[in-house]
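Asker: This is the structure I have questions about; it appears just below.
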Amino acid sequence: MVTTTWNRHHVISLADFQPDEYDTVLHTAASFREVLSRRTKKVPALQGQVIANLFFEPSTRTRSSFELAAKRLSADTLNFAPGTSSLTKGETILDTAKTYLAMGTDIMVIRHREAGVPLMIANEMDRLETRVGIFNAGDGLHEHPSQALLDLFTICALIDPEKPRLSLLKDKKIAIVGDILHSRVARSNIWSLTASGAEVHLAAPPTLLPKLFADFVHPQQPFPDKKSNSSTFPSLSLTPSLPHSLTPSLPRKLFLHWSLEPALQNADFVMTLRLQKERMTQHLLPSLREYHQRYGITRERLEACHPDVKVLHPGPVNRGVEISSDLMDDPKFSLISQQVTSGVAVRMALLYLMGSGKS
Amino acid sequence: MSSFLLQHARLLDPTSETDRTADVLIVDGVIHAVEETIAAFPSEAEVRDCTGLVLGTGLVDLYSHSGEPGFEDRETLHSLMAAAQAGGFTRLALLPDTHPAVDNPSGVEWLRSQVGGEGRGKGGSVPQLYQWGALTLGAKGEHMTELMELAEAGVVGFADGQPIASGSLLRRLLEYGQMLQKPIALYCCDRGLAGNGAVREGLESIRLGLPASPAIAETVPLAALLECITEIKTPVHLMRVSTARGVELIRSAKAQGLPITASTTWMHLLLNVTAAKSYNPSLHLDPPIGNPTDQAALLQGIQDGTIDAIAIDHTPLTYEEKTVAFSESPAGAIGLELALPLLWQTFVASGQWTALSLWHSLSSNPARCLHQTPPSLTPGQPAELILFDPQKSWKVAPETLKSRSSNTPWLGQEIQGRVLQL
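Laid out in structure tokens, this is it:
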């Protein structure tokens with residue numbers, strides 16, 4: 001195992017992830033991928049530690065992946081499911097977290113249908129001066145860091161299986177296609193991929209890709225009005241929040257398109273996103289049919305891309321909507337099953353990095 | 001006979017543009033004399049050195065929520081009045097959206113019976129409570145209440161505190177309202193456009209992944225309402241203005257001479273959506289907290305008089321109600337005990353506003369929006385005054401707050417400025 005410095009207590013967002021942190025995750029995940037290829041796929045790295053999966057929103061894939069990752073690290077795992085919980089009996093989310101804290105949990109992996117819950121719990125754990133680490137396994141439309149990191153690993157490991165690293169993506173063209181507005185996966189991916197120096201192209205109709213995304217990765221001026229100044233802000237020193245944008249090591253390159261063609265032109269990677277059927281009832285799209293016609297990824301559409309183009313999807317896939325069914329199963333193009341496999345190694349790496357400082 | 005001599009106080013009276021240091025003699029609750037130095041005073045008078053303290057006219061809150069009746073876990077009338085007093089408010093106008101809503105005279109009577117006499121609380125210098133009567137039954141925006149009867153029952157004015165979606169109902173309310181001779185306050189928000197928005201739509205809402213309400217959720221109904229007022233000419237108070245474009249629309253409507261007044265809330269002046277990075281549910285407000293451009297425009301609106309008054313919109317909510325995900329929490333925050341210290345510290349102590357400008361927004365202008373004579377520091381007038389120590393630090397905590405609820409983003413923090421017992 002490569003020795004690494006890792007100072008991150010919680011993983012909530014990739015907005016302030018630094019290049020060396022991405023590389024730490026990538027090379028640690030590469031080591032665990034090797035472990036997973038052995039006959040005995042288990043290491044004692046987190047033996048005696050307790051990892052609780054608090055999935056307030058139902059999830060099968062991510063929860064299973066985290067659970068397997070924890071077990072491969074020899075940690076004890078606890079699973080919380082809202083259906084069997086006291087949440088309907090007047091318990092608050094902080095009460096739930098404190099219950100698992102009292103059981104001696106070292107890391108809480110948290111998913112919630114609303115943005116901000118993992119950060120709220122992390123702030124409460126810090127306020128209580130505990131050493132519990134919080135991992136955001138997806139919060140509302142905000143972020144899904146482990147998915148973006150496994151996407152990053154999948155791509156980097158394809159380019160250099162021995163030494164996956166962030167710099168491999170410099171100047172690669174990556175298209176993210178689909179319901180960007182409602183995607184926490186897209187948000188986390190935008191942070192990680194633009195940090196690598198890749199050119200990131202977003203494609204979707206305006207209702208799913210508002211112009212506001214153009215400035216997503218750029219630091220916001222706190223006060224656009226020159227006459228006013230920062231002293232207009234009161235001394236509201238709320239619990240330290242993650243800075244949204246530190247000075248990036250590379251200029252971040254992000255482009256928006258309301259049609260698919262310019263995004264796909266010479267693209268090296270195409271990431272598609274799941275389209276929820278309820279978007280139709282929210283007046284965001286006229287029909288799935290029109291969406292697939294204009295934005296669905298098909299074999300013909302990929303002809304405009306780089307000849308070695310690969311397609312990713314965070315799953316679960318609506319076959320025939322965001323991606324054509326045959327393409328999804330074609331190993332020449334699809335990285336979908338590699339993503340799932342990488343997921344366990346990347347989550348092992350993340351839990352290991354968070355947990356190894358504790359013993 | 002009880003007499004108090006307050007010496008060397010910094011006097012603030014926006015009605016006479018007074019900001020000077022002087023002595024004030026109060027006899028039996030009436031201002032007896034205001035002079036540079038008062039040498040002749042009754043021998044039994046209690047003398048207090050007020051050097052470094054502000055003696056200002058009482059603050060007037062345009063609209064706030066009482067928990068009682070219906071939600072006593074959040075706030076009782078007793079705790080509400082204690083909070084108002086601790087925050088420097090001598091007049092408090094309550095929104096009618098309690099349970100039951102104040103949509104008939106018995107609700108007004110009930111309040112009077114709880115706080116005694118003319119709406120003045122029992123026991124001396126407690127704040128005077130006023131009641132907004134509902135415009136529609138249950139404040140649901142569907143059927144007009146018996147407005148004339150409510151007016152006779154003594155409501156201070158009419159407001160639902162909730163948007164009225166129906167254009168035809170709004171039109172008839174404005175027409176009927178012409179004979180009421182009482183303020184009508186309306187909240188412009190299109191709930192359909194707002195959706196489940198918990199912050200104002202913008203770059204930050206996109207980054208935070210929070211459901212967002214677009215500015216047009218405010219400005220579309222606001223523009224429509226201004227158009228109605230142009231035609232019908234009923235005076236209207238515009239509550240909770242929160243967007244830059246909203247300020248612009250009101251500015252041009254005022255320039256055209258429309259009979260409107262407007263207010264924003266103290267939280268919208270102090271904060272913008274970047275604070276919501278903490279996902280602290282106490283920053284989930286209705287209307288949602290704005291973008292930095294909205295905040296800048298509201299501050300400009302206060303400075304140039306487009307926005308007449310700062311309202312508190314005190315909305316107590318229990319720990320259980322607020323300890324949920326940001327966007328799932330009910331909207332609102334408490335404010336009566338925090339507004340003056342934080343506004344003073346942020347805008348007056350920093351030199352951006354004069355002390356009088358703040359006092360205009362919190363004392364004289366809200367009183368005028370309620371069609372009331374503002375409190376003043378004039379001999380012969382009741383001593384509707386507050387004593388404020390801008391330097392005194394205190395920690396915002398459940399045990400230091402008089403309110404039964406502590407849903408505020410400043411919870412746990414040390415802040416400067418406190419109203420003293422007069």
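So the protein lines, in turn, are chains R and E.
Under the working numbering, the very last position in the first sequence is 359; numbers go up by exactly one each time.
Under the working numbering, the very last position in the second sequence is 422; numbers go up by exactly one each time.
All C-beta atoms, glycine included, are put in the ideal place defined by N, C-alpha and C.
Predicted model, so just to flag it, every value in this text is computed and none were measured.
Is DSSP giving Ala195 of chain R helix, strand or coil here?
Answerer: Taking the first residue of the first sequence as position 1, residue 195 of chain R is located at position 195. Three-state DSSP puts Ala195 of chain R in a helix.
Asker: Applying the 10 Å Cβ sphere with the 16-neighbour rule, what's the burial state of Lys226 of chain R?
Answerer: Taking the first sequence and counting its residues from 1, one reaches residue 226 of chain R at position 226. Note that Lys226 of chain R scores 39 on pLDDT, short of 50, meaning its location in the model is unreliable and no value can be drawn from it.
Asker: Residues of chain E with a CB under 7 Å from the CB of Leu141 of chain R: which are they?
Answerer: Taking the first residue of the first sequence as position 1, residue 141 of chain R is located at position 141. Those within 7 Å of Leu141 of chain R in chain E are Gly209.
Asker: Would you check if the distance between the CB atom of Ser74 of chain R and the CB atom of Leu46 of chain R is smaller than 7 Å?
Answerer: What you label residue 74 of chain R is simply residue 74 of the first sequence in a count that begins at 1. What you label residue 46 of chain R is simply residue 46 of the first sequence in a count that begins at 1. A contact, by the Cβ cut-off of 7 Å.
Asker: Hey, how far is the Cα of Glu152 of chain E from the Cα of Cys50 of chain E?
Answerer: Here residue 152 of chain E corresponds to residue number 152 of the second sequence, with the count starting at 1. Here residue 50 of chain E corresponds to residue number 50 of the second sequence, with the count starting at 1. Each residue's alpha carbon lies about 43 Å from the other.
Asker: Any beta-carbon of chain E closer than 7 Å to the one on Met108 of chain R?
Answerer: Working through the first sequence from its first residue, we reach residue 108 of chain R at position 108. Met108 of chain R does not count as touching chain E.
Asker: Expressed to the nearest angstrom, what Euclidean distance is found between the alpha-carbon atoms of Asp23 of chain E and Ser350 of chain E?
Answerer: In the second sequence, residue 23 of chain E corresponds to position 23, counting from 1. In the second sequence, residue 350 of chain E corresponds to position 350, counting from 1. Going by the C-alpha atoms only, they are around 26 Å apart.
Asker: To the nearest whole angstrom, what separates the beta carbons of His10 of chain R and Ile134 of chain R, a pair I think is in contact under 8 Å?
Answerer: To locate residue 10 of chain R, count along the first sequence from 1; it is residue 10. To locate residue 134 of chain R, count along the first sequence from 1; it is residue 134. Indeed, because the Cβ distance is near 4 Å, the residues count as touching under 8 Å.
Asker: Find out if the Cβ-Cβ distance for the pair Tyr295 of chain R, Leu260 of chain R is shorter than 7 Å.
Answerer: Residue 295 of chain R sits at position 295 when you count from the first residue of the first sequence. Residue 260 of chain R sits at position 260 when you count from the first residue of the first sequence. For Tyr295 of chain R and Leu260 of chain R, yes; Cβs fall inside 7 Å.
Asker: Of the residues that make up the segment 309-329 of chain E, which ones have a beta carbon closer than 7 Å to any beta carbon in chain R?
Answerer: If the cut-off is 7 Å between Cβ atoms, the segment 309-329 of chain E has Glu320, Thr323, Val324, Ala325, Phe326, Ser327 and Glu328 near chain R.
Asker: Would Thr293 of chain E pass as a contact of Arg251 of chain E if the rule is Cβ separation under 7 Å?
Answerer: Taking the second sequence and counting its residues from 1, one reaches residue 293 of chain E at position 293. Taking the second sequence and counting its residues from 1, one reaches residue 251 of chain E at position 251. Cβ atoms of Thr293 of chain E and Arg251 of chain E: not closer than 7 Å.
Asker: Under 7 Å between C-beta atoms, does Thr40 of chain R make it to chain E?
Answerer: The sequence position of residue 40 of chain R within the first sequence is 40, counting from 1. So, not an interface residue.
Asker: For Ile159 of chain R, is the classification buried or exposed, using 16 other Cβ atoms within 10 angstroms of its Cβ as the cut-off for buried?
Answerer: Position 159 of the first sequence, counting from 1, holds the residue named residue 159 of chain R. By the 10 Å Cβ count, Ile159 of chain R comes out exposed.
Asker: So the candidates are R:Leu94, R:Asp151, R:Leu152 and R:Asn136; which of them puts its Cα closest to the Cα of Leu128 of chain R?
Answerer: In the first sequence, counting from the first residue as 1, residue 128 of chain R sits at position 128. Selected option, being the one with the closest Cα: R:Leu94.
Asker: Under 6 Å from any heavy atom of the ligand SAM, does the C-beta of Ser166 of chain E make it?
Answerer: Ligands displayed in this structure: none; no statement on the ligand SAM is therefore possible.
Asker: Using the beta-carbon of each residue, which ones in chain E are nearer than 7 Å to Met120 of chain R?
Answerer: If you number the first sequence from 1, residue 120 of chain R lands on position 120. Under the 7 Å cutoff, chain E gives Tyr279.
Asker: When you compare the CB positions of Met354 of chain R and Ala69 of chain R, do they come within less than 7 Å of one another, or not?
Answerer: As a position in the first sequence, residue 354 of chain R is number 354, starting the count at 1. As a position in the first sequence, residue 69 of chain R is number 69, starting the count at 1. Their beta carbons are not under 7 Å apart, which means Met354 of chain R does not touch Ala69 of chain R by this criterion.
Asker: Between Gly70 of chain E and Leu336 of chain E, which are expected to be in contact by the criterion C-beta below 8 Å, what is the C-beta distance as a whole number of angstroms?
Answerer: Within the second sequence, the letter at position 70 stands for residue 70 of chain E. Within the second sequence, the letter at position 336 stands for residue 336 of chain E. 19 Å between Cβ atoms; not a contact.
Asker: For Ser403 of chain E, which option in E:Pro316, E:Leu370 and E:Ser363 has the closest C-alpha, if you only look at C-alpha atoms?
Answerer: By 1-based counting over the second sequence, the position of residue 403 of chain E is 403. If we check each option's Cα against that of Ser403 of chain E, E:Pro316 comes out closest.
Asker: Buried or exposed for Pro30 of chain E, going by 16 or more other Cβ atoms inside 10 Å?
Answerer: For the purposes of this step, residue 30 of chain E is taken as residue 30 along the second sequence, with counting starting at 1. Reading the sequence as shown, one finds Val at residue 30 of chain E and not Pro. Counting Cβ neighbours within 10 Å, Val30 of chain E comes out exposed, since fewer than 16 surround it.
Asker: Of all Cβ atoms in chain R, is any one closer than 7 Å to the Cβ of Ile206 of chain E?
Answerer: By 1-based counting over the second sequence, the position of residue 206 of chain E is 206. Closer than 7 Å: yes.
Asker: Measure the alpha-carbon distance for Leu203 of chain E versus Thr243 of chain E and round it to whole angstroms.
Answerer: In the second sequence, residue 203 of chain E corresponds to position 203, counting from 1. In the second sequence, residue 243 of chain E corresponds to position 243, counting from 1. Rounded to whole angstroms, Leu203 of chain E to Thr243 of chain E spans 15 Å at the Cα level.
Asker: So, with DSSP's three-state summary, where would you put Tyr130 of chain E?
Answerer: Residue mapping note: residue 130 of chain E aligns to position 130 of the second sequence, counting from 1. Strand, per DSSP.
Asker: Within the same chain, show all residues whose beta-carbon is closer than 6 Å to that of Glu68 of chain E, passing over the 5 residues directly before and after it, in chain order.
Answerer: Taking the first residue of the second sequence as 1, we reach residue 68 of chain E at position 68. Around Glu68 of chain E: Thr76 and Leu77.
Asker: So, do the segment 410-418 of chain E and the segment 380-392 of chain E have three or more beta carbon pairs nearer to each other than 8 Å?
Answerer: They touch, by the three-pair rule.
Asker: Excluding sequence positions up to five away, which residues of its chain have a Cβ less than 7 Å from the Cβ of Glu142 of chain E?
Answerer: Stepping through the second sequence from its first residue, residue 142 of chain E is reached at position 142. Taken in chain order, the residues that qualify are Thr136.
Asker: Are the Cβ atoms of Trp132 of chain E and Leu95 of chain E separated by less than 7 Å?
Answerer: Start at 1 with the first residue of the second sequence, and residue 132 of chain E comes out as number 132. Start at 1 with the first residue of the second sequence, and residue 95 of chain E comes out as number 95. Contact: yes.
Asker: Between which two residues does the beta strand (DSSP E) harbouring His32 of chain E extend?
Answerer: In the second sequence, the residue the question calls residue 32 of chain E occupies position 32. First-last of the beta strand (DSSP E) with His32 of chain E: Val30 to Glu35.
Asker: For Ala331 of chain E, which three-state DSSP category applies?
Answerer: On the second sequence, position 331 is the one that residue 331 of chain E refers to. If DSSP states are grouped into helix, strand and coil, Ala331 of chain E belongs with coil.
Asker: Let me know the secondary structure DSSP gives Val185 of chain R once reduced to three states.
Answerer: On the first sequence, residue 185 of chain R is found 185 positions in, with the first residue counted as 1. Correct three-state label for Val185 of chain R: helix.
Asker: State whether the segment 253-269 of chain R contacts the segment 196-207 of chain R, with contact taken as three or more CB pairs (one from each stretch) at a distance under 8 Å.
Answerer: The answer is yes - the segment 196-207 of chain R touches the segment 253-269 of chain R, with three or more Cβ pairs under 8 Å.
Asker: Helix, strand or coil for Ser334 of chain R per DSSP?
Answerer: Here residue 334 of chain R refers to the residue found at position 334 of the first sequence. In this structure, Ser334 of chain R counts as strand in the three-state DSSP scheme.
Asker: Between which residues of its own chain and Val340 of chain R is the CB-CB distance below 8 Å, once the five residues before and five after are set aside?
Answerer: Translated into the one-based positions of the first sequence, residue 340 of chain R becomes position 340. Excluding sequence neighbours, Val340 of chain R sits near Arg61, Ser65 and Gly315.
Asker: Just checking: is the beta-carbon of Lys226 of chain R within a distance shorter than 7 Å of some beta-carbon in chain E?
Answerer: The residue labelled residue 226 of chain R in the question sits at position 226 within the first sequence. Caution applies to Lys226 of chain R, whose pLDDT of 39 falls short of 50 and renders its modelled position unreliable; the value that the coordinates give is listed next. So no, Lys226 of chain R is outside the interface.
Asker: At a CB distance below 7 Å, what residues from the segment 365-398 of chain E approach chain R? Give them in sequence order.
Answerer: Those residues of the segment 365-398 of chain E that come within reach of chain R (Cβ to Cβ, closer than 7 Å) do not exist; the list is empty.
Asker: Beta-carbon within less than 6 Å of Lys172 of chain R's beta-carbon, same chain only, minus the 5 sequence neighbours each way: which residues are those?
Answerer: For the purposes of this step, residue 172 of chain R is identified with residue 172 of the first sequence, where counting begins at 1. If we look at Lys172 of chain R and ignore the five residues flanking it on each side, its Cβ neighbours are Ala198 and Asp268.
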